[in-house]
Every structure is written in C-alpha cells, then in structure tokens.
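In the working numbering, the protein residues as written are 94 to 494.
Beta carbons are placed, not taken as given, at the ideal position from N, Cα and C, and that holds for glycine.
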C-alpha cells in the first residue's frame, strides 16, 4: 500500500496538467501546468515515467562545477567530465521525460572564495580570477545539452532549456545578495551565449515559516516580529526583494515549497507583488515540493498546522511508523499515508489554482537517515513515494506496493 495513495494524487495532477481546457475561440489558452519529479534518482526513471510526467529535475550533486571540472585548466585548456549528468539525462530521456530543470552550482574546491564545508552541498562564489573559468563551465554544460548538433551529448533526444543558477537561497547559498547578483550576471550571459532559447531560473527561495495558513497582515507582522525567528525572516524577505529587482538577469522565479500546503497562497502573492513593484511578472515555479507532511516536526519544533502541545503525540506516532513491531505501527502507517495523499493533492491543486507555471515534486524515495531521529527530522524519513530498503541496487528499483 505504501505510496499508492500519493501516486494516485500524482496521476491526478498529471491528468489535470495535460488535459486541454475547453474554451471559446475568443479566449487565450494558457500554457499547460507543468508537472515534474525530482531529484532524478538513478534507477527510478521507469517508475516515475509510468505516471505520465514529462518534466524532471536533477539534484545539484553531480552537476556542480567541481564535479564537472575537478582540476583547474592546464595551459588554458578545460577538461570536463560529463559522466554523471550524461548517465542521468540519458536514463530519464530514454524513459520518456522530455523537459528538465538543471542546477548549475559554482561549488568548486579549487576555485572557491571560501573553504567548502564537509557536510551539505553549499556554494561560495569563485575567486575573481576564476570567474572566466566558471563562465566556461556554464557554457559547456548548456552547449552539451542544447541539441543544436554541436558538441552535444551522444544520444541526446531532447534539448534542455531550463538552467537554475545555484540551488537554494540561504541553505545552499550562504553568501549575500551582491555576490549572487554578480554570479548571476556572468551565468546568464554564458547561458544565453550557448543557447539563446535557454531560460535562466533563480535559485529557489525558501520562505518556510512565513506564509503558512495564508496569514493576514496582523499575523504576518507578528511572525516577522517573533523574538527568535523574526529577524531572519525579515532578512530573507529583504534579500528576495533585492534579487527580484533585477528582472534583466533571469527568466523564471522559483520557490521551494517544503512546508504546509497553505503556504502556497501567501508565497505566490508575495513573490508576484515584488515583481509587480518593478513592472513585470515572470513564470513562477514551486520546486522541492515535498510528499511528506510539513514535516510535522523539524529540529524539535512543531511545524504548522501542528503546535507545541502536540509534540509528544507526534513523536509517539513517528516512533510507531519507524518500528514495524510497534503495536501502533499499522495504524500510524495507514493514517500517515492517507494524510500524505490528501496533502499531496491539496498542494498540487493549490499551485495550479494560483496560476503557477509548474511544480517539481521532490523526494521520490524514502531517506532512511532521516528516520533515525524523528524528533529532529519529523516525517523526513518517510517522505518518499516508494520504499527504499537496503540493500537495493539502484538499477533495480522497488516498485510501489
């Protein structure tokens, strides 16, 4: 039963996104709502192609500059290794996926302006003397997958048109606005030089904790004045506003939707409002859209719509889900999967209703490491659409059920 209800919600979204609207000839037909999956896990393309989805998004790892060009150029000659992106793109295109969002991270040990942490996958801007090399990496990536017949990946079936510059504001980009805009200018020029039809996506804004429940102005001000989180939230909104004041540098805006489905309304309204301040509106995508619920708890804090008083009860259910021998395991599992399916449908349909260009639903399989400490990571260990119980070869995915 695992994943079947959520998969039905996905299938509903695909059907709704692909069905042509019935309109009079005088009405302009909007572009179809795009439904995609991420993070292009190796070995899972066949499973998710069965949903009918045609869009996919890769994780940043394997596509970043340091992986593609692990050594500095010698005598001005760049040596690129496209093994990882070639393998993933080939698998997903052969399975039927036609449209892709690809992260381009400047993360590179030999070029970084600051030491890279051992954990996580953040980027720091390159040192100024390596900025031309960064631009060359961006051009090489776009050129390899633009399907123009020049230096293309062997066997490429469809062009890749969407390139996201960096991964996620704050989490994977600890530098500031000015550094990002400098990088974005270079990256945009390189993308357009290689493929004038390509679209540049801003790295995803993560506005978690601000717009859940679609707050009115009074509640929003309370959240922005919160003694613990208010300062960080205000800084995040200010940075978002600063980046959106440069529409000449990008084509698509994205935010990462990791919290409750009710965040969709206020988030879309805020981002469009910032665009309107500067006299434009560009397509808006939701990425990293989670299949888990909220995730109920995160770093020990109850996440909307749950409250602190429910923490012990939530932990009891999470522990029961984690342990198949727990007397409440089946009951907890059944409740969670049903709630997960409802949550998934609500989030997808809310994004459609708000007129987003599309979404990428994340976390295609369970991440076992997140189930070790449920008080910290909440439902993160149970967030996938399919089981992942090691040992499992990546080329032999476990079918839902």
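Segment contact flag, the stretch 270-285 with the stretch 298-314, C-beta cutoff 8 Å, min 3 pairs | no
Touch test, the stretch 320-327 against the stretch 357-377, Cβ-Cβ under 8 Å, three pairs minimum = no
Any idea which residues DSSP pairs residue 167 with across the strands?
-> For the purposes of this step, residue 167 is taken as the residue at position 74 of the chain shown. According to DSSP, residue 167 bridges with 170.
Going by the beta-carbon positions, is the gap between residue 162 and residue 214 smaller than 8 Å?
-> Here residue 162 refers to the residue found at position 69 when the chain shown is read from its first residue. Here residue 214 refers to the residue found at position 121 when the chain shown is read from its first residue. Contact flag unset, no.
Check residue 231 in the structure and name its three-state DSSP category.
-> Position 138 of the chain shown, counting from 1, holds the residue named residue 231. Helix, per DSSP.
Between which two residues does the beta strand (DSSP E) containing residue 453 stretch?
-> Taking the chain shown and counting its residues from 1, one reaches residue 453 at position 360. Taken as a continuous stretch (DSSP letters only), the beta strand (DSSP E) holding residue 453 covers 451-454.
Same chain, Cβ closer than 8 Å to residue 476, neighbours up to 5 away in sequence not counted | For the purposes of this step, residue 476 is taken as residue 383 along the chain shown, with counting starting at 1. So the qualifying residues of the chain are 383, 384, 385, 388, 456, 459, 460 and 463.
How is residue 417 classed by DSSP in three states: helix, strand or coil?
-> Translated into the one-based positions of the chain shown, residue 417 becomes position 324. Three-state result, residue 417: coil.
Since residue 133 and residue 152 are thought to touch, with beta carbons under 8 Å apart, how far apart are those beta carbons, to the nearest angstrom?
-> Indexing the chain shown from 1 puts residue 133 at position 40. Indexing the chain shown from 1 puts residue 152 at position 59. That pair is a contact at about 7 Å.
With a Cβ-Cβ cutoff of 8 Å, do residue 156 and residue 178 count as a contact?
-> For the purposes of this step, residue 156 is taken as residue 63 along the chain shown, with counting starting at 1. For the purposes of this step, residue 178 is taken as residue 85 along the chain shown, with counting starting at 1. Yes, Cβ-Cβ distance for residue 156 and residue 178 is below 8 Å.
Using the Cα positions of residue 414 and residue 130, report the straight-line distance between them to the nearest angstrom.
-> Along the chain shown, read from residue 1 onward, the residue named residue 414 stands at position 321. Along the chain shown, read from residue 1 onward, the residue named residue 130 stands at position 37. C-alpha of residue 414 to C-alpha of residue 130: approximately 25 Å in a straight line.
Compute the Euclidean distance between the alpha carbons of residue 314 and residue 303, then round it to the nearest angstrom.
-> Here residue 314 refers to the residue found at position 221 when the chain shown is read from its first residue. Here residue 303 refers to the residue found at position 210 when the chain shown is read from its first residue. One C-alpha to the other measures close to 10 Å.
In this structure, what does DSSP give as the bridge partners for residue 192?
-> The sequence position of residue 192 within the chain shown is 99, counting from 1. BP columns for residue 192 point to 148.
Can you list the alpha helix (DSSP H) stretches of 4 or more residues lying completely in the stretch 248-305, in chain order?
-> As far as the stretch 248-305 is concerned, its whole alpha helix (DSSP H) runs of at least 4 residues are 270-287.
Is the Cβ-Cβ distance between residue 158 and residue 230 less than 8 Å?
-> Residue numbering aside, residue 158 sits at position 65 when the chain shown is read from its first letter. Residue numbering aside, residue 230 sits at position 137 when the chain shown is read from its first letter. Against a cut-off of 8 Å, the Cβ pair of residue 230 and residue 158 comes out as a contact.
Just the Cα atoms here: how many angstroms apart are residue 367 and residue 416?
-> For the purposes of this step, residue 367 is taken as the residue at position 274 of the chain shown. For the purposes of this step, residue 416 is taken as the residue at position 323 of the chain shown. Distance between the alpha carbons of residue 367 and residue 416 is about 46 Å.
Pairwise C-alpha distance: residue 172 and residue 166 = Start at 1 with the first residue of the chain shown, and residue 166 comes out as number 73. Start at 1 with the first residue of the chain shown, and residue 172 comes out as number 79. So the two alpha carbons sit approximately 7 Å from each other.
Cβ neighbour criterion (16 or more within 10 Å) applied to residue 495 | Limits of the chain in this structure are 94 at one end and 494 at the other, which puts residue 495 out of reach.
Contact belief for residue 444 with residue 379 at Cβ below 8 Å, rounded distance in angstroms = Here residue 444 refers to the residue found at position 351 when the chain shown is read from its first residue. Here residue 379 refers to the residue found at position 286 when the chain shown is read from its first residue. Rounded to the nearest angstrom, the Cβ distance from residue 444 to residue 379 is 5 Å, consistent with a contact under 8 Å.
Span of the alpha helix (DSSP H) around residue 223 | To locate residue 223, count along the chain shown from 1; it is residue 130. Here residue 223 belongs to no alpha helix (DSSP H), and DSSP marks it neither H nor E.
Contacts around residue 332, its chain only, beta-carbon distance under 6 Å, and the 5 residues preceding and following it disregarded = The residue given as residue 332 occupies position 239 in the chain shown. For residue 332, where only same-chain residues beyond five positions count, the Cβ hits under 6 Å are 270.
Could you please give the first and the last residue of the uninterrupted alpha helix (DSSP H) stretch that includes residue 357?
-> The residue labelled residue 357 in the question sits at position 264 within the chain shown. 356-370 is the extent of the alpha helix (DSSP H) around residue 357.
Below 8 Å, can you find three or more Cβ-Cβ pairs linking the stretch 234-249 to the stretch 258-265?
-> no
Please classify residue 205: does DSSP put it in a helix, a strand, or coil?
-> For the purposes of this step, residue 205 is identified with residue 112 of the chain shown, where counting begins at 1. Strand at residue 205.
Is DSSP giving residue 127 helix, strand or coil here?
-> On the chain shown, residue 127 is found 34 positions in, with the first residue counted as 1. Correct three-state label for residue 127: strand.
Per DSSP, residue 410 forms a beta bridge with which residues?
-> Here residue 410 is taken as the residue at index 317 of the chain shown, counted from 1. Note: residue 410 sits in no beta bridge, so no partner.
For residue 382, write down the residues that DSSP places opposite it in a beta bridge.
-> In the chain shown, counting from the first residue as 1, residue 382 sits at position 289. Answer by DSSP bridge pairing, in chain order: 454.
Going along the chain, which residues of its own chain have a beta-carbon closer than 6 Å to the beta-carbon of residue 219, five neighbours each way excluded?
-> The sequence position of residue 219 within the chain shown is 126, counting from 1. Closer than 6 Å at Cβ, skipping near neighbours: 199, 204 and 227.
Less than 8 Å separating the beta-carbons of residue 346 and residue 377?
-> Position 253 of the chain shown, counted from the first residue, corresponds to residue 346. Position 284 of the chain shown, counted from the first residue, corresponds to residue 377. A contact, by the Cβ cut-off of 8 Å.
Simplified DSSP assignment, three categories, for residue 339 | For the purposes of this step, residue 339 is taken as residue 246 along the chain shown, with counting starting at 1. It is coil, neither helix nor strand.
Residue 207, buried or exposed, once every other Cβ within 10 Å from all chains shown has been counted against 16 | Stepping through the chain shown from its first residue, residue 207 is reached at position 114. It is exposed - the Cβ of residue 207 has fewer than 16 other Cβ atoms within 10 Å.
Continuous beta strand (DSSP E) stretch holding residue 562: start and end | There is no way to answer for residue 562, as the model of the chain reaches only from 94 to 494.
Distance, Cα to Cα, residue 515 vs residue 225?
-> An answer regarding residue 515 cannot be provided, because it is not within the stretch 94 to 494 covered by the chain.
Name the residue from 319, 448 and 322 whose alpha carbon lies nearest to the alpha carbon of residue 124.
-> Taking the chain shown and counting its residues from 1, one reaches residue 124 at position 31. Comparing Cα-Cα distances from residue 124 to each of 319, 448 and 322, the minimum goes to 448.
In terms of residues, what are the limits of the alpha helix (DSSP H) holding residue 346?
-> Position 253 of the chain shown, counted from the start, is the residue given in the question as residue 346. Looking at the DSSP string, residue 346 is not in any alpha helix (DSSP H); the run it does join, the beta strand (DSSP E), is 346-349.
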